[in-house]
Structures are given as C-alpha cells and as structure tokens.
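Residue numbers (UniProt numbering): 1 to 230.
Even glycine gets a Cβ: it sits at the ideal position worked out from N, Cα and C.
Single-structure report; data block below.
This is the structure:
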C-alpha cells in the first residue's frame, strides 16, 4: 500500500505547485497533517470491519467540507470562517482539501482493493485498475470500466472496479496486519512500509526535491503575510 511517507511526498509536490506566496513552514505543516489524518481510520478496524480505506478514504466528507467552505466564504453575506481566519488560511484550506483527495484518497484508489469512495452514502469499495492503449489489431482499448451487455436480455451492466464492501474487504495495515477472520498460528508481523516499489520511492524523492527547491528559491521565514497588513 502507498505508505504515509509516499502520501507526504506527493503532498509536498502539490504544496510547491499550489500554495504560491502562501508557502511556508506553517502552511506545509498544516497540509501534511491533513494528508496523514486519514490513516487514523486504521484504529477503527477492531470495532468496525472494513474501517480502513473507508472512514478516512472517501470523497463524501471532503466534498461536504468543500461545499460548506464555498458557501461560507463565497455565498454568505458574512463569513464565519473569514471572521476567524485570514484570506491566507482560507486559501490554504482549499489546497488542503485538494491534497487530501489527490495525495491520499486517489493514490489509495489505485492500490489493492481500492477505497470506499462513496461511503457512507454507498458501501462499495472501488479500485482504479486497468489500462488504456491503442492497438493495431483492436484499436482503442480501455479496461478501467467494464461495460457488458447481456445478449439475451440486452441489459447493460457497468463495473467501475468494484471489489466488495466493508463486510468482505480488509486492507492489511499496521493496526490489523491480517484479516481478523483468518485464524492462524503464525506470529503477527506488523509492517510499517516506506516505499514498497520503485515509483513510490521516486515520488518520495521528487517531493523532497521540490521541498529543497522551494527553500533555495527564497527564504522561508514562516511568517504570516497577512500579519504585516494594516
């Protein structure tokens, strides 16, 4: 599975690209906290089957958060958020939501049994797995979404990578390194992955390079730009 370090490496890239003038130590720290928090759902596994990759790995919660933030800061006559936070932190909040979705949820969507994208509205794990290619024999081919038509009834079915539900899917993690339903005498092996493949190590390296490059480009005082405004 993509480790927390891999998620953080991708988040560093997004921070360098999206934070702009708001990039500093405090903004970076806030972003990394948001990216790491979803892994807390691993600790819910003992009391909720399938909690990992479900509670903290869906699109419903960030979508609700984005809608509330948009309504409060763009639609309401008086913004409760802006009354308490500067425009700088509102911008950082938007980047944090984006990083949560693309640096964490979307990465896990591509690995193993995927994530429970629409939970709690729908209990269904989806995995982004397949390929797209151009073939001289078959033309355009894509296998990410499987569309089938029953020759007898003409009924069309679409499979976007369904792998199961919280009742059937267990993604191993350090808290629950194996499926609780499997009884074995083998000793428990809790692994804390850093980089389990070449592209993951590469992503960590690129993220660290982006962090170093931003440091070289200009001083990072960690100060709030809005604090100097009157």
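Counting only the same chain and skipping the five closest in sequence on each side, list residues whose C-beta sits under 6 Å from that of residue i.
i, result
"residue 147", "158"
"residue 45", "51, 52, 175, 176"
"residue 201", "195"
"residue 3", "193, 194"
"residue 211", "12"
"residue 221", "For residue 221, the pLDDT reaches just 45, beneath the cut-off of 50, and the residue's location in the model is therefore unreliable, leaving the point undetermined."
"residue 57", "38, 105, 108, 115"
"residue 234", "Because the chain in this structure spans residues 1 to 230, residue 234 falls outside the shown range and cannot be described."
"residue 132", "142"
"residue 43", "175"
Using a Cβ-Cβ cut-off of 8 Å (strictly less than) and excluding sequence neighbours within five positions of residue i, which residues of its own chain qualify?
i, result
"residue 134", "140, 141"
"residue 229", "Caution applies to residue 229, whose pLDDT of 45 falls short of 50 and renders its modelled position unreliable; the value that the coordinates give is listed next. Cβ neighbours of residue 229 beyond the five flanking positions: none."
"residue 155", "149"
"residue 217", "none"
"residue 206", "9, 13"
"residue 191", "174, 177"
If you measure between the beta carbons of residue i and residue j, is that distance less than 8 Å?
i, j, result
"residue 106", "residue 11", "no"
"residue 69", "residue 30", "no"
"residue 1", "residue 111", "yes"
"residue 163", "residue 125", "yes"
Taking residue i as the reference, give the member of the options with the closest Cα.
i, options, result
"residue 15", "2, 33, 184", "33"
"residue 91", "101, 145, 18", "18"
"residue 161", "97, 218, 127, 95", "127"
"residue 143", "149, 136, 130", "130"
"residue 113", "75, 181, 36, 168", "168"
"residue 123", "197, 26, 75, 59", "59"
"residue 26", "79, 197, 88", "88"
"residue 36", "97, 182, 79, 85", "97"
"residue 208", "47, 76, 28", "28"
"residue 47", "186, 180, 77", "180"
"residue 21", "95, 137, 77", "95"
Specify, as a first and last residue, the run of the beta strand (DSSP E) that residue i falls within.
i, result
"residue 139", "139-142"
"residue 134", "132-135"
"residue 301", "In the structure as shown, the chain begins at 1 and stops at 230. Residue 301 is therefore absent and cannot be evaluated."
"residue 158", "156-159"
"residue 164", "162-164"
Might you give, ordered along the chain, the residues of its own chain that have their beta carbon closer than 7 Å to the beta carbon of residue i, omitting 5 neighbours on each side?
i, result
"residue 54", "41, 116, 119, 166"
"residue 204", "5, 6, 9, 195"
"residue 214", "16, 23"
"residue 172", "178"
"residue 103", "7, 10, 11, 14, 35"
"residue 189", "177"
List the whole-angstrom C-beta distance separating residue i from residue j, where the pair is believed to meet the contact cut-off of C-beta under 8 Å.
i, j, result
"residue 64", "residue 72", "So it is not a contact: roughly 12 Å between Cβ atoms."
"residue 62", "residue 101", "5 Å"
Kindly indicate the opening and closing residues of the alpha helix (DSSP H) around residue i.
i, result
"residue 204", "198-217"
"residue 108", "106-109"
"residue 4", "4-18"
"residue 83", "80-84"
"residue 90", "87-99"
"residue 65", "60-70"
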